[in-house]
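J.:
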(Lines of atoms letter the chains of each structure in order from A and count residues from 1; the text may use other names and numbers.)
(Lines give C-alpha, C1' and ligand atoms only; values in the text may rest on other atoms or scores of the structure.)
Protein backbone atom coordinates (compact mmCIF):
# COMPACT_ATOMS: atom_id res chain seq x y z
CA UNK A 1 0.00 0.00 0.00
CA UNK A 2 1.28 3.51 -0.77
CA UNK A 3 2.02 6.06 1.94
CA UNK A 4 -0.96 8.10 0.79
CA UNK A 5 -3.15 5.03 1.04
CA UNK A 6 -1.96 4.37 4.58
CA UNK A 7 -2.58 7.94 5.60
CA UNK A 8 -6.04 7.89 4.08
CA UNK A 9 -6.92 4.69 5.89
CA UNK A 10 -5.63 6.06 9.20
CA UNK A 11 -7.78 9.16 8.82
CA UNK A 12 -10.85 7.01 8.22
CA UNK A 13 -11.64 8.59 4.85
CA UNK A 14 -12.31 5.21 3.34
CA UNK A 15 -14.25 2.94 5.64
CA UNK A 16 -14.01 4.47 9.13
CA UNK A 17 -16.59 6.91 10.50
CA UNK A 18 -15.77 10.61 10.52
CA UNK A 19 -16.53 11.52 14.11
CA UNK A 20 -14.38 14.63 14.40
CA UNK A 21 -11.06 15.55 15.87
CA UNK A 22 -12.27 14.98 19.45
CA UNK A 23 -11.93 11.24 18.81
CA UNK A 24 -8.16 11.46 18.46
CA UNK A 25 -6.00 10.31 21.38
CA UNK A 26 -4.63 12.92 23.74
CA UNK A 27 -1.46 11.26 25.02
CA UNK A 28 0.82 11.89 22.05
CA UNK A 29 0.83 8.24 20.99
CA UNK A 30 -1.59 8.07 18.06
CA UNK A 31 -3.94 5.13 18.38
CA UNK A 32 -2.16 3.32 21.23
CA UNK A 33 -4.54 4.30 24.02
CA UNK A 34 -7.51 3.74 21.73
CA UNK A 35 -6.27 0.28 20.75
CA UNK A 36 -6.03 -0.69 24.43
CA UNK A 37 -9.49 0.74 25.08
CA UNK A 38 -10.97 -0.96 22.00
CA UNK A 39 -9.45 -4.31 23.00
CA UNK A 40 -10.74 -3.89 26.55
CA UNK A 41 -14.24 -3.04 25.33
CA UNK A 42 -14.32 -6.13 23.11
CA UNK A 43 -12.96 -8.30 25.95
CA UNK A 44 -15.56 -6.97 28.42
CA UNK A 45 -18.29 -7.69 25.89
CA UNK A 46 -17.00 -11.25 25.41
CA UNK A 47 -16.83 -11.93 29.16
CA UNK A 48 -20.33 -10.58 29.77
CA UNK A 49 -21.71 -12.66 26.90
CA UNK A 50 -19.96 -15.76 28.25
CA UNK A 51 -22.03 -15.38 31.40
CA UNK A 52 -25.19 -15.24 29.32
CA UNK A 53 -24.24 -18.50 27.63
CA UNK A 54 -23.80 -20.20 31.01
CA UNK A 55 -27.27 -19.00 32.04
CA UNK A 56 -28.75 -20.27 28.77
CA UNK A 57 -27.43 -23.74 29.67
CA UNK A 58 -28.12 -23.78 33.39
CA UNK A 59 -31.73 -22.57 33.43
CA UNK A 60 -33.26 -25.18 31.07
CA UNK A 61 -31.53 -28.05 32.83
CA UNK A 62 -32.56 -26.68 36.24
CA UNK A 63 -36.18 -26.64 35.04
CA UNK A 64 -35.86 -30.18 33.67
CA UNK A 65 -34.30 -31.26 36.97
CA UNK A 66 -37.42 -30.02 38.74
CA UNK A 67 -39.48 -32.26 36.46
CA UNK A 68 -40.54 -29.44 34.17
CA UNK A 69 -42.08 -29.94 30.75
CA UNK A 70 -41.05 -28.59 27.38
CA UNK A 71 -43.57 -25.78 27.78
CA UNK A 72 -42.00 -24.77 31.09
CA UNK A 73 -38.53 -24.75 29.51
CA UNK A 74 -39.93 -22.49 26.80
CA UNK A 75 -41.58 -20.26 29.42
CA UNK A 76 -38.27 -19.84 31.27
CA UNK A 77 -36.55 -18.95 27.99
CA UNK A 78 -39.31 -16.44 27.24
CA UNK A 79 -38.80 -14.75 30.61
CA UNK A 80 -35.07 -14.52 29.88
CA UNK A 81 -35.60 -12.74 26.57
CA UNK A 82 -38.79 -10.70 27.14
CA UNK A 83 -36.91 -8.01 29.13
CA UNK A 84 -35.05 -7.02 25.96
CA UNK A 85 -38.30 -5.69 24.52
CA UNK A 86 -38.58 -3.38 27.53
CA UNK A 87 -34.92 -2.76 28.22
CA UNK A 88 -34.07 -2.12 24.56
CA UNK A 89 -36.01 1.09 23.86
CA UNK A 90 -36.05 2.44 27.42
CA UNK A 91 -32.46 1.47 28.11
CA UNK A 92 -31.31 2.99 24.83
CA UNK A 93 -32.50 6.41 25.94
CA UNK A 94 -30.81 5.90 29.32
CA UNK A 95 -27.56 5.12 27.51
CA UNK A 96 -27.78 8.42 25.60
CA UNK A 97 -28.62 10.40 28.74
CA UNK A 98 -26.46 8.99 31.55
CA UNK A 99 -23.42 7.95 29.51
CA UNK A 100 -22.37 4.85 27.58
CA UNK A 101 -19.55 3.72 29.88
CA UNK A 102 -21.57 4.22 33.05
CA UNK A 103 -24.56 2.38 31.59
CA UNK A 104 -22.40 -0.61 30.58
CA UNK A 105 -20.91 -0.92 34.08
CA UNK A 106 -24.23 -0.61 35.93
CA UNK A 107 -25.90 -3.11 33.58
CA UNK A 108 -23.22 -5.72 34.31
CA UNK A 109 -23.42 -5.19 38.07
CA UNK A 110 -27.21 -5.46 38.26
CA UNK A 111 -27.29 -8.52 35.98
CA UNK A 112 -24.57 -10.18 38.06
CA UNK A 113 -26.43 -9.56 41.32
CA UNK A 114 -29.66 -11.07 40.00
CA UNK A 115 -27.86 -14.13 38.67
CA UNK A 116 -25.99 -14.60 41.96
CA UNK A 117 -29.32 -14.65 43.80
CA UNK A 118 -30.39 -17.81 41.90
CA UNK A 119 -27.84 -20.28 43.32
CA UNK A 120 -27.87 -18.55 46.74
CA UNK A 121 -31.61 -19.06 47.06
CA UNK A 122 -31.50 -22.56 45.58
CA UNK A 123 -28.89 -23.66 48.12
CA UNK A 124 -30.60 -22.01 51.12
CA UNK A 125 -34.35 -21.40 51.26
CA UNK A 126 -35.09 -22.91 47.85
CA UNK A 127 -35.73 -21.58 44.34
CA UNK A 128 -39.25 -22.40 43.13
CA UNK A 129 -40.15 -22.05 39.47
CA UNK A 130 -41.90 -18.69 39.88
CA UNK A 131 -38.89 -17.21 41.69
CA UNK A 132 -36.59 -18.50 38.95
CA UNK A 133 -38.75 -16.75 36.35
CA UNK A 134 -38.64 -13.48 38.30
CA UNK A 135 -34.84 -13.53 38.69
CA UNK A 136 -34.30 -14.51 35.05
CA UNK A 137 -36.48 -11.57 34.05
CA UNK A 138 -34.59 -9.09 36.24
CA UNK A 139 -31.25 -10.47 35.04
CA UNK A 140 -32.19 -9.86 31.43
CA UNK A 141 -33.69 -6.41 31.96
CA UNK A 142 -30.38 -4.54 31.73
CA UNK A 143 -28.62 -6.96 29.43
CA UNK A 144 -29.73 -5.13 26.28
CA UNK A 145 -28.78 -1.61 27.51
CA UNK A 146 -25.35 -2.96 28.44
CA UNK A 147 -24.83 -4.40 24.97
CA UNK A 148 -26.11 -1.21 23.31
CA UNK A 149 -23.80 0.93 25.44
CA UNK A 150 -20.73 -1.06 24.39
CA UNK A 151 -21.68 -0.94 20.72
CA UNK A 152 -22.34 2.82 20.82
CA UNK A 153 -18.85 3.36 22.27
CA UNK A 154 -17.36 1.40 19.38
CA UNK A 155 -17.15 3.97 16.52
CA UNK A 156 -15.12 6.58 18.40
CA UNK A 157 -12.58 4.04 19.64
CA UNK A 158 -12.48 2.53 16.16
CA UNK A 159 -11.46 5.79 14.48
CA UNK A 160 -8.86 6.56 17.11
CA UNK A 161 -7.34 3.10 16.68
CA UNK A 162 -7.22 3.44 12.88
CA UNK A 163 -9.39 0.36 12.28
CA UNK A 164 -12.02 -0.07 9.57
CA UNK A 165 -15.50 0.17 11.07
CA UNK A 166 -16.58 -3.07 9.40
CA UNK A 167 -13.66 -4.84 11.02
CA UNK A 168 -14.34 -3.43 14.49
CA UNK A 169 -18.03 -4.35 14.25
CA UNK A 170 -16.85 -7.80 13.24
CA UNK A 171 -14.57 -7.86 16.28
CA UNK A 172 -17.33 -7.15 18.76
CA UNK A 173 -19.63 -9.62 17.03
CA UNK A 174 -16.77 -12.10 16.96
CA UNK A 175 -16.37 -11.63 20.71
CA UNK A 176 -19.96 -12.84 21.10
CA UNK A 177 -19.17 -15.84 18.93
CA UNK A 178 -16.05 -16.49 20.97
CA UNK A 179 -18.17 -16.26 24.12
CA UNK A 180 -20.45 -18.95 22.75
CA UNK A 181 -17.46 -21.13 21.92
CA UNK A 182 -15.85 -20.80 25.36
CA UNK A 183 -19.06 -20.37 27.34
CA UNK A 184 -20.75 -23.38 25.77
CA UNK A 185 -17.76 -25.61 26.47
CA UNK A 186 -17.50 -24.41 30.07
CA UNK A 187 -21.25 -24.50 30.64
CA UNK A 188 -21.66 -27.99 29.21
CA UNK A 189 -18.89 -29.33 31.45
CA UNK A 190 -20.09 -27.40 34.52
CA UNK A 191 -23.72 -28.46 34.21
CA UNK A 192 -22.70 -32.07 33.63
CA UNK A 193 -20.15 -32.09 36.49
CA UNK A 194 -21.57 -29.92 39.27
CA UNK A 195 -25.15 -29.25 38.17
CA UNK A 196 -26.96 -26.18 36.88
CA UNK A 197 -27.21 -24.39 40.24
CA UNK A 198 -23.49 -24.32 41.05
CA UNK A 199 -22.62 -23.27 37.50
CA UNK A 200 -24.53 -20.01 38.00
CA UNK A 201 -21.82 -18.80 40.40
CA UNK A 202 -19.48 -18.69 37.39
CA UNK A 203 -22.02 -16.62 35.52
CA UNK A 204 -22.26 -14.03 38.30
CA UNK A 205 -18.47 -13.74 38.37
CA UNK A 206 -18.27 -13.01 34.65
CA UNK A 207 -20.51 -9.96 34.99
CA UNK A 208 -18.33 -8.63 37.82
CA UNK A 209 -15.16 -9.08 35.74
CA UNK A 210 -16.76 -7.36 32.73
CA UNK A 211 -17.79 -4.34 34.84
CA UNK A 212 -14.30 -4.08 36.38
CA UNK A 213 -12.60 -4.26 32.98
CA UNK A 214 -14.82 -1.54 31.53
CA UNK A 215 -14.31 0.70 34.54
CA UNK A 216 -10.54 0.30 34.58
CA UNK A 217 -9.51 0.35 30.91
CA UNK A 218 -12.30 1.90 28.80
CA UNK A 219 -12.26 5.71 29.09
CA UNK A 220 -15.37 7.86 29.17
CA UNK A 221 -16.25 8.93 25.60
CA UNK A 222 -15.64 12.43 24.31
CA UNK A 223 -18.65 14.75 24.07
CA UNK A 224 -21.16 13.90 21.36
CA UNK A 225 -21.35 17.00 19.17
CA UNK A 226 -24.93 17.57 18.10
CA UNK A 227 -25.00 21.36 17.81
CA UNK A 228 -25.69 22.20 21.47
CA UNK A 229 -23.06 23.85 23.69
CA UNK A 230 -20.65 21.26 25.03
CA UNK A 231 -23.02 18.39 26.00
CA UNK A 232 -21.11 15.88 28.13
CA UNK A 233 -21.80 12.20 27.61
CA UNK A 234 -21.23 11.20 31.21
CA UNK A 235 -22.60 14.40 32.80
CA UNK A 236 -26.36 14.28 32.15
CA UNK A 237 -27.14 17.13 34.54
CA UNK A 238 -25.44 19.70 32.32
CA UNK A 239 -27.55 21.55 29.72
CA UNK A 240 -28.27 19.52 26.61
CA UNK A 241 -30.07 20.11 23.35
CA UNK A 242 -33.86 20.73 23.34
CA UNK A 243 -34.64 17.17 22.24
CA UNK A 244 -33.23 15.95 25.57
CA UNK A 245 -35.86 17.98 27.51
CA UNK A 246 -37.68 14.82 28.56
CA UNK A 247 -37.25 11.07 28.48
CA UNK A 248 -40.38 10.75 26.37
CA UNK A 249 -39.09 13.27 23.81
CA UNK A 250 -35.82 11.36 23.46
CA UNK A 251 -37.65 8.06 22.98
CA UNK A 252 -40.04 9.60 20.46
CA UNK A 253 -37.17 11.08 18.44
CA UNK A 254 -35.48 7.69 18.18
CA UNK A 255 -38.77 5.98 17.29
CA UNK A 256 -39.48 8.49 14.52
CA UNK A 257 -36.08 7.85 13.00
CA UNK A 258 -36.56 4.06 12.99
CA UNK A 259 -40.13 4.22 11.64
CA UNK A 260 -39.26 6.67 8.84
CA UNK A 261 -36.11 4.92 7.69
CA UNK A 262 -37.11 2.36 5.01
CA UNK A 263 -34.10 0.08 5.40
CA UNK A 264 -34.30 0.06 9.20
CA UNK A 265 -37.93 -1.06 8.96
CA UNK A 266 -37.02 -3.94 6.67
CA UNK A 267 -34.10 -5.03 8.83
CA UNK A 268 -36.20 -5.06 12.00
CA UNK A 269 -39.00 -7.04 10.33
CA UNK A 270 -36.66 -9.66 8.87
CA UNK A 271 -34.57 -10.13 12.00
CA UNK A 272 -37.70 -10.27 14.15
CA UNK A 273 -38.90 -13.34 12.25
CA UNK A 274 -35.51 -15.06 12.13
CA UNK A 275 -34.88 -14.36 15.82
CA UNK A 276 -38.26 -15.90 16.64
CA UNK A 277 -37.21 -19.03 14.78
CA UNK A 278 -33.73 -19.00 16.32
CA UNK A 279 -35.26 -18.74 19.79
CA UNK A 280 -37.57 -21.67 19.15
CA UNK A 281 -34.61 -23.68 17.91
CA UNK A 282 -31.79 -22.58 20.20
CA UNK A 283 -33.53 -21.78 23.49
CA UNK A 284 -36.02 -24.63 23.58
CA UNK A 285 -35.80 -27.24 20.83
CA UNK A 286 -32.03 -27.79 21.07
CA UNK A 287 -31.94 -28.33 24.86
CA UNK A 288 -34.91 -30.70 24.59
CA UNK A 289 -33.32 -32.54 21.66
CA UNK A 290 -30.01 -32.85 23.52
CA UNK A 291 -31.72 -34.09 26.66
CA UNK A 292 -33.90 -36.58 24.78
CA UNK A 293 -31.59 -37.89 22.05
CA UNK A 294 -28.00 -36.76 22.62
CA UNK A 295 -27.46 -37.66 26.29
CA UNK A 296 -27.64 -34.23 27.80
CA UNK A 297 -25.69 -31.01 28.28
CA UNK A 298 -22.30 -32.22 27.00
CA UNK A 299 -23.61 -32.78 23.46
CA UNK A 300 -25.46 -29.48 23.55
CA UNK A 301 -22.23 -27.80 24.62
CA UNK A 302 -20.43 -29.35 21.64
CA UNK A 303 -23.04 -28.07 19.20
CA UNK A 304 -23.18 -24.55 20.64
CA UNK A 305 -19.38 -24.38 20.84
CA UNK A 306 -19.14 -25.50 17.20
CA UNK A 307 -21.58 -22.79 16.19
CA UNK A 308 -19.70 -20.14 18.15
CA UNK A 309 -16.25 -21.23 17.00
CA UNK A 310 -17.13 -21.39 13.33
CA UNK A 311 -18.98 -18.08 13.54
CA UNK A 312 -15.84 -16.59 15.04
CA UNK A 313 -13.78 -17.92 12.11
CA UNK A 314 -16.39 -16.48 9.77
CA UNK A 315 -16.16 -13.10 11.52
CA UNK A 316 -12.39 -12.97 11.20
CA UNK A 317 -12.37 -14.09 7.58
CA UNK A 318 -15.16 -11.71 6.60
CA UNK A 319 -13.32 -8.79 8.20
CA UNK A 320 -10.63 -9.01 5.51
CA UNK A 321 -13.05 -8.95 2.58
CA UNK A 322 -16.08 -7.06 3.94
CA UNK A 323 -15.24 -3.83 2.12
CA UNK A 324 -14.82 -5.65 -1.22
CA UNK A 325 -17.98 -7.79 -1.50
CA UNK A 326 -21.57 -6.73 -2.33
CA UNK A 327 -23.46 -6.50 0.92
CA UNK A 328 -26.97 -7.51 -0.07
CA UNK A 329 -26.15 -10.73 -1.94
CA UNK A 330 -23.60 -11.74 0.69
CA UNK A 331 -26.17 -11.05 3.39
CA UNK A 332 -28.84 -13.21 1.73
CA UNK A 333 -26.57 -16.18 1.00
CA UNK A 334 -25.05 -16.21 4.47
CA UNK A 335 -28.37 -15.65 6.24
CA UNK A 336 -30.00 -18.56 4.43
CA UNK A 337 -27.10 -20.90 5.18
CA UNK A 338 -27.09 -19.78 8.82
CA UNK A 339 -30.46 -21.32 9.61
CA UNK A 340 -31.77 -23.65 6.93
CA UNK A 341 -29.30 -26.56 6.64
CA UNK A 342 -28.73 -27.13 10.36
CA UNK A 343 -32.45 -27.07 11.17
CA UNK A 344 -33.10 -29.55 8.38
CA UNK A 345 -30.42 -31.88 9.77
CA UNK A 346 -32.14 -31.97 13.15
CA UNK A 347 -35.52 -32.50 11.48
CA UNK A 348 -34.16 -35.56 9.68
CA UNK A 349 -32.67 -37.00 12.88
CA UNK A 350 -29.13 -37.01 11.52
CA UNK A 351 -26.34 -38.57 13.64
CA UNK A 352 -24.24 -36.30 15.86
CA UNK A 353 -21.28 -35.95 13.41
CA UNK A 354 -23.66 -34.70 10.70
CA UNK A 355 -25.32 -32.33 13.15
CA UNK A 356 -21.90 -30.94 14.06
CA UNK A 357 -20.99 -30.47 10.38
CA UNK A 358 -24.30 -28.72 9.59
CA UNK A 359 -23.89 -26.51 12.65
CA UNK A 360 -20.35 -25.64 11.54
CA UNK A 361 -21.65 -24.49 8.14
CA UNK A 362 -24.31 -22.37 9.83
CA UNK A 363 -21.69 -20.81 12.08
CA UNK A 364 -19.34 -19.90 9.24
CA UNK A 365 -22.19 -18.24 7.34
CA UNK A 366 -23.55 -16.44 10.42
CA UNK A 367 -20.17 -14.81 10.97
CA UNK A 368 -20.85 -12.32 8.16
CA UNK A 369 -24.31 -11.19 9.26
CA UNK A 370 -23.84 -8.87 12.23
CA UNK A 371 -20.83 -7.06 10.73
CA UNK A 372 -23.00 -6.14 7.74
CA UNK A 373 -26.02 -5.16 9.84
CA UNK A 374 -23.96 -3.28 12.41
CA UNK A 375 -22.10 -1.29 9.77
CA UNK A 376 -25.31 -0.37 7.94
CA UNK A 377 -26.92 0.83 11.17
CA UNK A 378 -23.89 2.95 12.04
CA UNK A 379 -23.94 4.46 8.55
CA UNK A 380 -27.56 5.47 8.74
CA UNK A 381 -27.84 6.68 12.34
CA UNK A 382 -26.60 10.09 13.56
CA UNK A 383 -24.20 9.70 16.47
CA UNK A 384 -26.35 11.45 19.10
CA UNK A 385 -29.27 9.11 18.31
CA UNK A 386 -27.38 5.84 18.35
CA UNK A 387 -28.19 4.73 21.89
CA UNK A 388 -31.95 5.09 21.55
CA UNK A 389 -32.07 3.96 17.92
CA UNK A 390 -29.98 0.86 18.55
CA UNK A 391 -32.08 0.10 21.62
CA UNK A 392 -35.30 0.38 19.62
CA UNK A 393 -33.93 -1.71 16.76
CA UNK A 394 -32.76 -4.35 19.23
CA UNK A 395 -36.15 -4.40 20.94
CA UNK A 396 -37.96 -4.72 17.63
CA UNK A 397 -35.66 -7.46 16.41
CA UNK A 398 -35.99 -9.32 19.71
CA UNK A 399 -39.75 -8.91 20.02
CA UNK A 400 -40.31 -12.38 18.60
CA UNK A 401 -37.77 -14.17 20.79
CA UNK A 402 -39.97 -14.75 23.88
CA UNK A 403 -42.79 -15.90 21.61
CA UNK A 404 -40.43 -18.17 19.68
CA UNK A 405 -39.03 -19.73 22.85
CA UNK A 406 -42.53 -20.44 24.15
CA UNK A 407 -43.79 -21.71 20.78
CA UNK A 408 -40.79 -24.02 20.53
CA UNK A 409 -41.71 -25.66 23.82
CA UNK A 410 -45.36 -26.00 22.84
CA UNK A 411 -44.42 -27.40 19.44
CA UNK A 412 -42.14 -29.99 21.03
CA UNK A 413 -44.96 -31.15 23.31
CA UNK A 414 -47.58 -31.28 20.54
CA UNK A 415 -46.17 -31.96 17.07
CA UNK A 416 -42.79 -33.37 18.10
CA UNK A 417 -39.20 -32.26 17.73
CA UNK A 418 -38.67 -33.46 14.14
CA UNK A 419 -41.69 -31.62 12.71
CA UNK A 420 -40.86 -28.49 14.70
CA UNK A 421 -37.31 -28.40 13.32
CA UNK A 422 -38.68 -28.98 9.81
CA UNK A 423 -41.03 -26.00 10.07
CA UNK A 424 -38.15 -23.82 11.27
CA UNK A 425 -36.01 -24.91 8.30
CA UNK A 426 -38.66 -24.09 5.68
CA UNK A 427 -39.77 -20.74 7.11
CA UNK A 428 -36.20 -19.61 7.82
CA UNK A 429 -35.09 -20.30 4.26
CA UNK A 430 -38.13 -18.56 2.77
CA UNK A 431 -37.87 -15.30 4.72
CA UNK A 432 -34.09 -14.91 4.37
CA UNK A 433 -34.38 -14.94 0.57
CA UNK A 434 -36.69 -11.88 0.52
CA UNK A 435 -33.91 -9.22 0.22
CA UNK A 436 -33.23 -10.56 -3.28
CA UNK A 437 -36.51 -8.93 -4.34
CA UNK A 438 -34.71 -5.57 -4.27
CA UNK A 439 -36.64 -2.40 -3.47
CA UNK A 440 -35.40 -0.60 -0.37
CA UNK A 441 -33.06 -3.51 0.36
CA UNK A 442 -30.75 -1.94 -2.25
CA UNK A 443 -30.03 0.83 0.27
CA UNK A 444 -27.83 -1.68 2.05
CA UNK A 445 -25.06 -1.20 -0.51
CA UNK A 446 -22.27 1.33 0.02
CA UNK A 447 -23.00 4.86 -1.08
CA UNK A 448 -26.75 4.25 -0.94
CA UNK A 449 -27.18 3.60 2.76
CA UNK A 450 -27.14 7.07 4.32
CA UNK A 451 -30.47 8.46 5.43
CA UNK A 452 -31.33 11.65 3.52
CA UNK A 453 -33.12 13.12 6.54
CA UNK A 454 -30.43 12.69 9.19
CA UNK A 455 -27.01 12.19 7.64
CA UNK A 456 -24.85 9.64 9.41
CA UNK A 457 -21.08 9.61 9.32
CA UNK A 458 -19.88 8.14 6.01
CA UNK A 459 -18.03 4.84 6.19
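Numbering (our numbering), first residue to last: 2 to 460. Virtual Cβ for every residue (Gly too), placed ideally from N, Cα, C.
Does DSSP put residue 134 in a helix, in a strand, or in coil?
T.: helix
J.: Let me know the secondary structure DSSP gives residue 446 once reduced to three states.
T.: Reduced to three states, the DSSP call for residue 446 is coil.
J.: If you reduce the DSSP assignment to three classes, tell me which class residue 325 lands in.
T.: coil
J.: In angstroms with no decimal places, state the Cα-to-Cα distance between residue 169 and residue 37.
T.: 13 Å
J.: For residue 33 and residue 39, I'd like the C-alpha separation in whole angstroms.
T.: Straight-line Cα distance between these residues: approximately 10 Å.
J.: Rounding to the nearest angstrom, what Cα-Cα distance links residue 252 and residue 77 in this structure?
T.: 29 Å
J.: In whole angstroms, what separates the C-alpha of residue 104 from that of residue 96?
T.: 6 Å
J.: So, do the segment 287-307 and the segment 374-385 have three or more beta carbon pairs nearer to each other than 8 Å?
T.: no
J.: Kindly list the residues whose CB is nearer than 7 Å to the CB of residue 440, restricted to its own chain and excluding five residues on each side of it in sequence; keep chain order.
T.: Cβ within range, chain order: n/a, list empty.
J.: Determine the direct distance from the alpha carbon of residue 272 to that of residue 327, and round the result to whole angstroms.
T.: 20 Å
J.: Whole angstroms are fine: how far does the CA of residue 269 sit from the CA of residue 360?
T.: 25 Å
J.: Taking DSSP as the reference, what is the three-state secondary structure of residue 65?
T.: helix
J.: Which term fits residue 79, buried or exposed, when burial requires 16 or more other beta carbons within 10 angstroms of its beta carbon?
T.: buried
J.: In the DSSP assignment, find the unbroken alpha helix (DSSP H) run with residue 216 in it and report its ends.
T.: 197-218
J.: Between 115, 148 and 119, which has its C-alpha nearest residue 42's C-alpha?
T.: 148
J.: Using the Cα positions of residue 129 and residue 171, report the straight-line distance between them to the nearest angstrom.
T.: 40 Å
J.: What is the DSSP secondary structure of residue 221, counted as helix, strand or coil?
T.: coil
J.: Helix or strand or just coil, what does DSSP make of residue 284?
T.: The answer is helix: DSSP assigns residue 284 an H, G or I state.
J.: For residue 17, is the classification buried or exposed, using 16 other Cβ atoms within 10 angstroms of its Cβ as the cut-off for buried?
T.: Because the pLDDT at residue 17 is just 34, under 50, the model does not fix this residue reliably, and the value given afterwards should be weighed accordingly. Around the beta-carbon of residue 17, 16 or more other beta-carbon atoms lie within 10 Å, marking it buried.
J.: Can you grab the Cα-Cα spacing for the pair residue 447 / residue 165, in whole Å?
T.: Cα-Cα distance, rounded: 14 Å.
J.: Excluding the 5 residues preceding and the 5 following residue 192 in the sequence, name in chain order all residues of the same chain whose CB lies nearer than 7 Å to its CB.
T.: 58, 59, 62, 200 and 298
J.: How is residue 251 classed by DSSP in three states: helix, strand or coil?
T.: helix
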